[in-house]
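Contents: one structure, followed by commentary.
2 protein chains.
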Amino acid sequence: MSLIVQKFGGTSVANAERVFNVARIVTDTYKKGNDVVVVVSAQGDTTDDLIDKANEINPNASRREMDMLLASGEQISIALLAMAIQKLGFPVVSLLGWQAGFKTNSTYSAARIKRVETDRLKAELDKHNIVVVAGFQGVNQYGDMTTLGRGGSDTSAVAIAAAMKADKCQIYTDVDGVYTADPRKVPTATKLDAISYDEMLELATLGAQVLNNRSVEMAKKYSVELEVLSSLTNVPGTIVKEATRMEKMLISGVAKDTNVARISVIGVPDEPGTAFKLFSRLSAKDINVDIILQSVGRDGTKDITFTVAAGYLKDALAILNDTFDSAQVIYDEDVAKVSIVGAGMETHAGVASKMFEALYSAQINIQMIATSEIKVSVLIAREDADRAVRAIHNAFFPEN
Amino acid sequence: MSLIVQKFGGTSVANAERVFNVARIVTDTYKKGNDVVVVVSAQGDTTDDLIDKANEINPNASRREMDMLLASGEQISIALLAMAIQKLGFPVVSLLGWQAGFKTNSTYSAARIKRVETDRLKAELDKHNIVVVAGFQGVNQYGDMTTLGRGGSDTSAVAIAAAMKADKCQIYTDVDGVYTADPRKVPTATKLDAISYDEMLELATLGAQVLNNRSVEMAKKYSVELEVLSSLTNVPGTIVKEATRMEKMLISGVAKDTNVARISVIGVPDEPGTAFKLFSRLSAKDINVDIILQSVGRDGTKDITFTVAAGYLKDALAILNDTFDSAQVIYDEDVAKVSIVGAGMETHAGVASKMFEALYSAQINIQMIATSEIKVSVLIAREDADRAVRAIHNAFFPEN
């Protein structure tokens, strides 16, 4: 008998029909003799509706009260899913985050899970109950409700799988797996049977938006085998696991990220400490910098160019204008980052140059380049992004 | 410094404007130097909307899951009220039933409060926080969410007032106090300054619908002084307290209850055990019987007539037809119970006959009569009910 953790997002439980669809997937898994723990998010737009209600009353409400408010969303969805499972005739119990043992720190709205105390979960499984757990939430040392922030339900599912030593953690989403590129943009994109944690991490960071990064990091740390699959099609998804266990593909995917802006500081003094001064002030304001490029100095000055998430552009510009009186700050919002990711890169030369060749053939100009052991990213004009993804994908995955 | 518990119902927090109205009442009380604990219900139609969602999925869902679902309603309203209080610039913390220490038994959907563990409440008041508590909910010995059933938030407020030895428990509602009759039906009805627990209990049972009975019973048991008042008008309400402390009025009010049906069983055997047989079967199905009238036997048979709440009529008829083969069961749904309540009755003769005289003068036929130490009830045709209330009210409270 296996223990399987299944996670379903808000769109999967948006209405009664979809709740029953989820209930059937869960009970089919249970019928095969498995223990099943199900993690669900709030229904459809519930969280957004609650945020609207809060903003109408007090846009500066404390995060503690915001978490109290938002945690009600999952409470509704776990109860409804449990009712649907009862209707199908199976034993079930729903548990809130605190009931399922989720102990977090006190960073309201972005809490970190400290541990999952599994007594209640184990007791319910011993009673042969299907256990439906509210994702995204926990309780801190004061006994107050906390929420885990973006992608929190994925993290909840992986945390349970890790704490309970589950055999598998299935993340149900609206795509049926991880593709070599976005299938809506690249018709020849193919689904991967398997991908390593590191590749998945790079893809998630790069905007593939299939799995939340925190959950992949946690899965890697505790060796939880993930499967990304669709709640609408009954086909195997993509397995995310240790790289050593699978054949290394040259590259596993091409990803695009348009949530990016480029900033250049022109003519800063070419002296020690300039970069430190610049980036420490940005990091003090929690602005994460991605690609950094520094020109060779000229006339006692140099230029520093870097990228930030688009949402931080305004804040970053304000800091830069305060920090450098004499320098000129220019920026470009119409950019995109296109990346290839693959564990095979480490052992195969020429992967980067193959990517650059594809972009040259498509007459796409490269503004910046950044590389890691398993990733090559380029910054290009945003209007060229989809064309770039297709050109690179065709180079690495030629059509049959 | 006093400790004041204030309770606001669902209509009082139905939208952002009303939430702020409540926030102002609460903070005005706090500004006067009082400790304040506020108990709120779910917003407006939230509970009904959640019940609709549940029924769409599974009308026979377990009560445990129903309680899990419904408890989310108060979670939303306490967070929003706390946010409004923050906006007005006051320190506040919201607490769910389990956080506020509400320990209940495990009768889901109709749980009884076993005790309120006040550590957290006291700690928050020591920090000079206004404490906003979710009414209607608690947690049982298994750590599962329970709800208290009808009027549960009133009971929550009184339970906190009792456990914390509060100086006063104010129940805010949509009327500004307890009246000698329904002011919408009887223009000459006047507001009472004070009423005893027992009178309030009779009035609540009789359909005055101002305060839930369980809360009045609990207030009486723990000598919690209640005040019924309006959240919309800034005037003193009606105090509910021990009778000994106030001047006894002859009668304190006239109440009407149309949620009633009359059933007659004609021709049951005139032998010992008949009534027991009949009423024990009804009580086994949790059907409460109100007024009972038994005719003198004739031809070896007798007739038993009684009233039940209208909602139980169908179930009661089914049981009766199963129980008595030979007897004839007839019923009347078009009836109403009109009652007068007053602690002064015990010491004043002629109260009942004054009521009967008023009904005779109005040419209203009395079908059944029931009396207690502080109450006289009559069953009449439903179409006569409002006219009866006015006639009786005029007899006891003549217009000036």
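If you're matching them up, the sequences are chains A and B in order. So for the first sequence, my numbering puts the first residue at 1; every next one is plus one. So for the second sequence, my numbering puts the first residue at 1001; every next one is plus one. Heads up, the beta-carbon is just placed ideally off N, CA and C, and yes, glycines get one too. Keep in mind that this is a model prediction, so the values were computed, not measured.
Out of curiosity, what's the CA-to-CA distance linking residue i and residue j?
i                       : j                       : result
residue 1153 of chain B : residue 1119 of chain B : 20 Å
residue 290 of chain A  : residue 175 of chain A  : 27 Å
residue 1048 of chain B : residue 1069 of chain B : 11 Å
residue 92 of chain A   : residue 137 of chain A  : 20 Å
residue 1316 of chain B : residue 6 of chain A    : 47 Å
residue 1038 of chain B : residue 1008 of chain B : 8 Å
residue 393 of chain A  : residue 359 of chain A  : 11 Å
residue 335 of chain A  : residue 311 of chain A  : 13 Å
residue 343 of chain A  : residue 243 of chain A  : 8 Å
residue 157 of chain A  : residue 1064 of chain B : 23 Å
residue 169 of chain A  : residue 332 of chain A  : 41 Å
residue 97 of chain A   : residue 1146 of chain B : 16 Å
residue 105 of chain A  : residue 261 of chain A  : 33 Å
residue 1245 of chain B : residue 1286 of chain B : Low confidence applies here, because residue 1245 of chain B scores a pLDDT of 44, under 50, leaving its location unreliable; read the following figure in that light. Their backbone Cα atoms lie some 37 Å apart in a straight line.
residue 1251 of chain B : residue 1377 of chain B : 13 Å
residue 1278 of chain B : residue 1272 of chain B : 12 Å
residue 370 of chain A  : residue 107 of chain A  : 33 Å
residue 1060 of chain B : residue 1309 of chain B : 23 Å
residue 204 of chain A  : residue 1023 of chain B : 44 Å
residue 340 of chain A  : residue 254 of chain A  : 5 Å
residue 1189 of chain B : residue 1237 of chain B : 15 Å
residue 141 of chain A  : residue 36 of chain A   : 28 Å
residue 1003 of chain B : residue 1280 of chain B : 46 Å
residue 62 of chain A   : residue 210 of chain A  : 31 Å
residue 1372 of chain B : residue 1199 of chain B : 11 Å
residue 139 of chain A  : residue 216 of chain A  : 22 Å
residue 1395 of chain B : residue 1366 of chain B : 17 Å
residue 1185 of chain B : residue 1192 of chain B : 17 Å
residue 212 of chain A  : residue 155 of chain A  : 8 Å
residue 1194 of chain B : residue 1240 of chain B : 6 Å
residue 1121 of chain B : residue 1101 of chain B : 8 Å
residue 288 of chain A  : residue 274 of chain A  : 18 Å
Reducing DSSP to helix, strand and coil, say where residue i ends up.
i                       : result
residue 1111 of chain B : coil
residue 89 of chain A   : coil
residue 1344 of chain B : helix
residue 123 of chain A  : helix
residue 1153 of chain B : helix
residue 1007 of chain B : strand
residue 304 of chain A  : strand
residue 142 of chain A  : coil
residue 368 of chain A  : strand
residue 102 of chain A  : strand
residue 148 of chain A  : coil
residue 1075 of chain B : helix
residue 392 of chain A  : helix
residue 319 of chain A  : helix
residue 1375 of chain B : strand
residue 80 of chain A   : helix
residue 94 of chain A   : strand
residue 1054 of chain B : helix
residue 1339 of chain B : strand
residue 1334 of chain B : coil
Apart from the five residues on each side of it in sequence, which residues of its chain come closer than 7 Å, Cβ to Cβ, to residue i?
i                       : result
residue 327 of chain A  : 265, 266, 267 and 268
residue 11 of chain A   : 44 and 174
residue 1388 of chain B : 1338, 1359, 1362, 1364 and 1380
residue 74 of chain A   : 40, 41, 42, 134, 135, 136 and 137
Only counting the same chain, and skipping five residues up and downstream in sequence, which positions put a Cβ closer than 6 Å to that of residue i?
i                       : result
residue 1292 of chain B : 1306
residue 1 of chain A    : 33
residue 1345 of chain B : 1351 and 1374
residue 1080 of chain B : 1019
residue 1355 of chain B : 1340, 1376 and 1392
What residues in its chain sit with their C-beta under 8 Å from that of residue i, if we drop five residues either side in the sequence?
i                       : result
residue 1303 of chain B : 1264, 1265, 1266, 1267, 1268, 1294 and 1295
Are there three or more Cβ pairs, one per stretch, closer than 8 Å when the stretch 23–37 of chain A is compared with the stretch 1008–1024 of chain B? As far as the Cβ criterion goes, the stretch 23–37 of chain A does not touch the stretch 1008–1024 of chain B, which means the pair count is below three.
Identify every run of the alpha helix (DSSP H) within the stretch 156–239 of chain A, keeping only runs that are complete inside it and at least 4 residues long; order them along the chain. Within the stretch 156–239 of chain A, the complete alpha helix (DSSP H) runs of at least 4 residues are 197–203 and 213–221.
Three or more C-beta pairs closer than 8 Å, one from the stretch 1114–1132 of chain B and one from the stretch 1081–1098 of chain B: is that the case here? Touching, per the Cβ criterion.
Can you list, in chain order, the residues of the stretch 1077–1091 of chain B whose Cβ is nearer than 8 Å to any Cβ on chain E? Reference to chain E is not applicable here, since the protein chains of this structure are A and B.
Do the stretch 1152–1171 of chain B and the stretch 1212–1222 of chain B meet, that is, are 3 or more Cβ pairs less than 8 Å apart? The stretch 1152–1171 of chain B vs the stretch 1212–1222 of chain B: in contact.
Quick one: complete alpha helix (DSSP H) runs, 4+ long, within the stretch 1239–1302 of chain B? Fully enclosed alpha helix (DSSP H) runs of 4 or longer: 1274–1284.
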